Each structure stands twice: as structure tokens, then as C-alpha cells.
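For what it's worth, my numbering labels the leading residue of the sequence shown as 285, then goes sequentially.
Glycine included, C-beta positions come from ideal geometry on N, C-alpha and C.
The structure presented is a predicted model; accordingly, all values stated were derived computationally and were not measured.
What follows is one structure encoded as C-alpha cells, with my remarks underneath.
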Amino acid sequence: MGGADTAGIIWYLAVLVLVGSALLSRRIRLRTAIGMIVAWIGIFTVILTIASYHDDIAAIATRVSASVTGRSRQTVEGGRLRIPISSDGHYWVEGTINDVPTRFLIDSGATITALSVRTAQAASIDIDTQRMPLVLNTANGPAEAQRGVARRIRVGSISIHDLPVVVSPGFGDVSVLGMNILSRLKSWRVEDGEMILEP
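If you want it as C-alpha cells, here you go:
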């Protein structure tokens, strides 16, 4: 056990002693004290769950809102797109974001579509500065990123509307199409050195 583990255990024991002594000094019945402890554990569990799954809860709320109002916030339309493998072994595609020409790397390992700062500024992406930045694990290590929404991304004949994106200087000049686009397609696959996207 390391020094950090020992310090953590000592800290938790100190908190436990403090809470226990406060309950004993008030002469609260054991049954009442246990009920209060269970209630507080429940409250903190709910708060931590909401904080941990905030993005998933937001996605569910968006789906429920779309089904109630009859409007889908995010759509994918168009025909099949074939993308040949590049000489660097990756799949790159020319497209537009908010009608600004952009070259994208298609990355099935990326959870969300990620934009370079230059691309986001050129495309006038609305950055949500009210929310805490995300910390993403990238090929170059952890990178802090801000959330935003692309009004429209077009790749070949495929068009995606109101797509959540992230923006970070840590991405360099590369903009990535991630799984939040690929997972909305009918299918995507690699055949004979080509990536095939079907809306």
C-alpha cells in the first residue's frame, strides 16, 4: 500500500470519526442515524450518477424531445459514399462543415467528431463555454476540449445536421469524423481498400 492509499484511508477514518462523534453527541438513536446515513449515501449516489452520465442523459432527453415534437435534431441523408485508402493508411475525405470546405480523417476509434480550432473558427461553430471542458484521450495523449454543435456537415452526398462536436487546440490541424456520425449511418465498412458509407 502506497503513501497516497494510507493518506486516503486516514482521511476517510477521520471523516467517519467526525460524523460518528457528531451523531453520538446529539444522542441520536442508532436506527435514526443509520437512516440518515443511508439517505445521504443515496443523495450522493444520485448526484454522482447524474454527473457521470450527463452526456448520455442529454442524448436521451434529445431523443425523447424529438419523439414528442416529431422533429429529429440530427439527421443523415444522401447516397452511398466510397472513400479510397490514403497513402498514409488512413481514410481521408473532403467535405464541408457549415458550408466551409474541410478535410476530415475518418476514425472509428473516436467517440465524437472532433474539430481543430482553425476549422471551428472558420465554420463559426458555437462553442458552449458554460460547460466544463472534456478531457479526451487522443493518440497524442490527454487533450482538453470544448463542446459545440455543427449546424451541418456534408461529406459527399451524405448530410448530417445539428451534430455535437468537440474543439481543442490539442487536435492540431486535424479534424476527425467520429462514431457519432458513423453510428447513425445504415452501415459503414471497409472492402478492398475502400471505406463505404451508407446513410
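Taking the Cα positions, residue 433 is about 12 Å away from residue 413. Looking at the DSSP output, residue 395 bridges to nothing. Residues of the same chain with a CB within less than 6 Å of the CB of residue 394, apart from the 5 flanking positions on each side, are 460, 462 in chain order. For residue 322, the enclosing alpha helix (DSSP H) has its first and last residue at 314-336. Annotation: the continuous alpha helix (DSSP H) that includes residue 405 extends over 401-406. Under the DSSP assignment, residue 465 falls in the alpha helix (DSSP H) whose first and last residues are 463-466. Beta-carbon to beta-carbon, residue 396 and residue 450 are separated by about 6 Å, close enough to satisfy the 8 Å threshold. Residue 386 and residue 482 have their C-alpha atoms some 20 Å from each other. Membership of residue 413 in any beta strand (DSSP E) is not indicated, and neither H nor E is assigned to it by DSSP. Taking a cut-off of 8 Å on C-beta distances, the region 402-419 does not touch the region 464-478, as fewer than three cross pairs fall below it.
Comparing C-alpha distances from residue 465 to each of 388, 447, 323 shows the shortest one belongs to 447.
For residue 459, the beta-bridge partners assigned by DSSP are 388. In this model, residue 398 and residue 420 are separated by some 10 Å (Cα to Cα). The beta-carbon distance between residue 367 and residue 390, rounded to whole angstroms, is 7 Å. This is short enough to meet the 8 Å contact definition. In the structure shown, residue 469 falls within a coil segment according to DSSP collapsed to helix, strand and coil. Residue environment analysis places residue 296 among the exposed positions, since fewer than 16 neighbouring C-beta atoms fall within 10 angstroms of its C-beta. For residue 305, DSSP assigns no beta-bridge partner whatsoever.
7 Å or more divides the Cβ of residue 429 from the Cβ of residue 408.
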